[in-house]
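Worksheet for the structure shown next.
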Amino acid sequence: PKADLDALLANKAELTKVLTYHVVGQKLTPQQLEKGSFDTLEKSKLTTAGSGTEYTVNDSSKVVCGNVPTANATVYIVDSVLMPPK
334 PKADLDALLA
344 NKAELTKVLT
354 YHVVGQKLTP
364 QQLEKGSFDT
374 LEKSKLTTAG
384 SGTEYTVNDS
394 SKVVCGNVPT
404 ANATVYIVDS
414 VLMPPK
């Protein structure tokens with residue numbers, strides 16, 4: 334919701350926490366996502382599950398596009414914002 338987005342954008346510390354929760358410190362292959370648990374740069378864990386072309390993150394967010402190589406990362410795009418644990 335817009336109110337949540339506005340509150341997040343107004344709080345740089347919380348925004349940084351949410352953004353760094355989306356990043357793990359290693360390149361991941363699709364096979365690693367099948368039953369994965371990874372430390373994020375935010376210092377929490379996120380989990381992945383699935384196989385083939387269907388994967389989820391934290392049992393809720395779907396990977397809609399993935400295994401996109403970049404210079405220093407492999408990108409997986411999810412269909413929702415991942416919120417770090419409180």
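One rule links them: number in the numbering used here = place in the sequence shown (from 1) + 333. No residue lacks a Cβ here, since even glycine has one placed at the ideal position from N, Cα and C. No experiment lies behind these values; they were computed from the predicted model shown.
Requested in this report: Consult DSSP for THR353 and reduce its assignment to one of helix, strand or coil.
Outcome: helix
**Report entry** Beta carbon of GLU503 nearer than 9 Å to that of SER393
**Finding:** Past the edges of the chain, shown from 334 to 419, lies residue 503, and the structure says nothing about it.
Query raised in the report: Using a Cβ-Cβ cut-off of 7 Å (strictly less than) and excluding sequence neighbours within five positions of THR373, which residues of its own chain qualify?
Result: THR353, TYR354, VAL356, VAL357, LEU379
Query raised in the report: Which partner residues of LEU469 appear in the DSSP bridge assignment?
Result: Limits of the chain in this structure are 334 at one end and 419 at the other, which puts residue 469 out of reach.
Query raised in the report: VAL396: which of ALA346, PRO418, TYR409 sits nearest, CA to CA?
Result: TYR409
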